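Since the structure comes first, as structure tokens, the remarks are kept for the end.
Numbering (the numbering used here), first residue to last: 7 to 113.
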């Protein structure tokens, strides 16, 4: 039994050391994710005001066009936005309304 207690204590010490060793990386990743969520929320906020093209979203949010395009494609992939009408050379994107009915979640 003493060996099991000793082993468990060693494991706890190893985990503690690993967390401390990777603390900087974890903090950096946490900050990166926070920034990404803020940028995605800026795009969604603009789309709540009506459909917009990627250049319009870039101008309205102050984000670089290539970053906006990246987020728009991700949001489209996960059905949070959809393509609307064509405006010149660009599609306008529309925020998809979230369904809160119980029937939709059961499908």
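Virtual Cβ for every residue (Gly too), placed ideally from N, Cα, C.
All of these numbers come straight from a predicted model, not from anything done at the bench.
Between the C-alpha atoms of residue 74 and residue 55 there is a straight-line separation of about 17 Å. At a Cβ-Cβ threshold of 8 Å, residue 78 and residue 88 do not count as neighbours.
Residue state for residue 104 is assigned as coil, using DSSP reduced to three classes.
Contact between residue 59 and residue 15 does not hold, since their C-beta atoms are separated by about 60 Å, which reaches or exceeds 8 Å. For residue 99, the secondary structure class from DSSP, reduced to helix, strand or coil, is strand.
A residue is called buried when at least 16 other Cβ atoms come within 10 angstroms of its Cβ; residue 31 does not meet this threshold and is exposed.
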